[in-house]
Amino acid sequence: MKFSIKKGYIVLGALVLALGAAVYLNWDYMRQEDYIAAGAETQTPEDGQGTANYGDAYFVSARLNRTQSRDEAMDALKYMLEDSAMEEGVAAVLAQQAQSLAKTIETEGKIENIIKAKGFTECMVYLDENKVDVIVQSSGLTDSEAAQIMDAVMAEVSVEESNVSIIEIK
2 MKFSIKKGYI
12 VLGALVLALG
22 AAVYLNWDYM
32 RQEDYIAAGA
42 ETQTPEDGQG
52 TANYGDAYFV
62 SARLNRTQSR
72 DEAMDALKYM
82 LEDSAMEEGV
92 AAVLAQQAQS
102 LAKTIETEGK
112 IENIIKAKGF
122 TECMVYLDEN
132 KVDVIVQSSG
142 LTDSEAAQIM
152 DAVMAEVSVE
162 ESNVSIIEIK
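Heads up: take any position in the sequence shown, counting from 1, add 1, and you land on my numbering.
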């Protein structure tokens, strides 16, 4: 009996593995100790008393929500791809969606890391087909800082500047 695997299924399997790796890396990055649990108290140098830092809580919550929604999307794609009765055209569309999701995850992470390297303590990036939302933690965003964020975004994605929104969280 001759065993043969169609080339498309090999590519499809590789894409599912790449998507799984991206979700795992995002999950691993989320659980690092430098994140403050939502609602945790932090020390502030001004008063020395513990006060809730709602900016940190926002970022923890937002990362958790983003990770959960991506995990659900990945699970749905895996479930559909495991259907042996699936037509080849449908499998190709699902593979394209998996590849697109993996690229979005990678690009968001890359932009976030660039922004953090520019001196921002926290940020979140949400990519859509032709829109980018950047949420940064800052106590007063200057024009120069906004330009640095815009440069980081424009270096990684091709969208019009008018479709990039920068939102400040204190």
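All C-beta atoms in this analysis are idealised placements derived from N, C-alpha and C, irrespective of residue type, glycine included.
Requested in this report: Under the assumption that Asn1 contacts Arg71 (Cβ atoms under 8 Å), give the Cβ distance between them as a whole number of angstroms.
Outcome: Nothing about residue 1 can be read from this structure; the chain reaches only from 2 to 171.
Query raised in the report: Using the C-alpha atoms, what's the distance from Glu73 back to Ile170?
Result: Taking the first residue of the sequence shown as position 1, residue 170 is located at position 169. Taking the first residue of the sequence shown as position 1, residue 73 is located at position 72. One C-alpha to the other measures close to 27 Å.
Query raised in the report: Which runs of the alpha helix (DSSP H), 4 residues or longer, sit entirely within the stretch 80-150?
Result: 89-118
Query raised in the report: Name the DSSP bridge partner or partners of Lys170?
Result: Locating residue 170 in the sequence shown gives position 169, counting from the first residue. Position check: residue 170 holds Ile in this sequence, whereas Lys was assumed. Ile170 pairs with Gln138.
Query raised in the report: When the Cα atoms are used, what is the spatial distance from Glu161 to Ser145?
Result: Here residue 161 is taken as the residue at index 160 of the sequence shown, counted from 1. Here residue 145 is taken as the residue at index 144 of the sequence shown, counted from 1. For Glu161 and Ser145, the distance between alpha carbons rounds to 19 Å.
Query raised in the report: Buried or exposed: where does Glu83 fall if 16 or more other Cβ atoms within 10 Å of its Cβ makes it buried?
Result: Taking the sequence shown and counting its residues from 1, the one referred to as residue 83 is at position 82. Classification of Glu83: exposed, given that the 10 Å Cβ count is below 16.
Report task. Let me know if Leu13 comes out buried or exposed under the rule of 16 or more other beta-carbons within 10 Å of its beta-carbon. Result -> In the sequence shown, counting from the first residue as 1, residue 13 sits at position 12. So Leu13 ends up on the buried side.
Report task. Specify the secondary structure class of Val160 as computed by DSSP and reduced to three states. Result -> Counting from 1 along the sequence shown, the entry for residue 160 is found at position 159. Val160: coil per DSSP, three-state reduction.
Query - Pairwise C-alpha distance: Ile150 and Gln69 - result: Numbered from 1 along the sequence shown, position 68 holds the residue referred to as residue 69. Numbered from 1 along the sequence shown, position 149 holds the residue referred to as residue 150. Going from the Cα of Gln69 to the Cα of Ile150 covers about 26 Å.
Requested in this report: Give a yes or no on contact between the stretch 16-26 and the stretch 98-109, applying the rule of three or more CB pairs nearer than 8 Å.
Outcome: yes
Query raised in the report: Ordered along the chain, which non-local residues of its own chain (more than five positions away) have a Cβ less than 6 Å from that of Tyr59?
Result: If you number the sequence shown from 1, residue 59 lands on position 58. Correct list, in chain order: Ile170.
Report task. Name the residue from Val91, Asp129, Ala103 and Cys124 whose alpha carbon lies nearest to the alpha carbon of Val182. Result -> The requested residue 182 does not occur in the structure, where the chain is confined to residues 2 to 171.
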